[in-house]
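Novice:
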Amino acid sequence: MKKIWVGLLIAAVQPLLWAELPPSAYEKKQKEAPEKLQVQIMRVEVEPAAKAEDQVVRLTATVEQVDRTVTGIKAGDFISITYTIVGHPPGWVGPGPVPIPNEKDKTVAYLQQIPDSGDYAPAAGAMSFSHF
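Under my numbering, the first residue of the sequence shown carries the number 14, and numbering increases by one thereafter.
#1: Given that a residue counts as buried once 16 or more other Cβ atoms are within 10 Å of its Cβ, and exposed if not, what is residue 44?
#2: Should the region 100-108 be regarded as contacting the region 116-135, the criterion being three or more beta carbon pairs within less than 8 Å?
#3: Note the first and the last residue of the continuous alpha helix (DSSP H) segment covering residue 37.
#4: Excluding five sequence neighbours on each side, which residues of the same chain lie with their C-beta closer than 8 Å to the C-beta of residue 22?
#5: Helix, strand or coil: which one does DSSP assign to residue 74?
#6: With DSSP run on the structure shown, which of helix, strand or coil describes residue 136?
#7: Relative to the C-alpha of residue 124, which candidate in 117, 115, 60, 111 has its C-alpha closest?
#8: Taking the alpha-carbon of residue 65 as reference, which of 145, 113, 98, 109 has the nearest alpha-carbon?
#9: Closer than 7 Å by C-beta to residue 46: which residues in its own chain qualify, once you throw out the five before and the five after it? Chain order, please.
#10: So residue 116 is in the beta strand (DSSP E); what residue range does that whole segment cover?
Have a look at this one:
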């Protein structure tokens, strides 16, 4: 009988090991993002980071529409978006990685400016390039 309970407990807890943030957390991050833009991705560069399992992503995008800005971005501007995708071991619990858009993709971008660089970074985690 004890083996059955242990099996049921493992079956019930296992989905929690791959827990993602709740939708409300991403909605909040999107609403609080300083920049909400419609962009077209012009260039995608992915390189290894200092840690072997991580990747540095650099995007060049053309701003097609500005829905919200605190930095004065205008339609027609070219922007650089830089971020690191951190590799995690199997079973890691936490938010999903920021996706890597493809060249020529037209997408929403929820961003924040990186201090002292002029580049931007995703502001809504895994939902930085998606509408919720």
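Backbone N, C-alpha and C fix where the C-beta goes; we use that ideal spot for every residue, glycine too.
Specialist: Quick answer:
#1: exposed
#2: no
#3: 36-45
#4: Note that residue 22 has pLDDT 39, beneath the 50 cutoff, so the model's placement of it is unreliable and no number is given.
#5: strand
#6: coil
#7: 111
#8: 98
#9: 123, 124, 125, 136, 137
#10: Here residue 116 belongs to no beta strand (DSSP E), and DSSP marks it neither H nor E.
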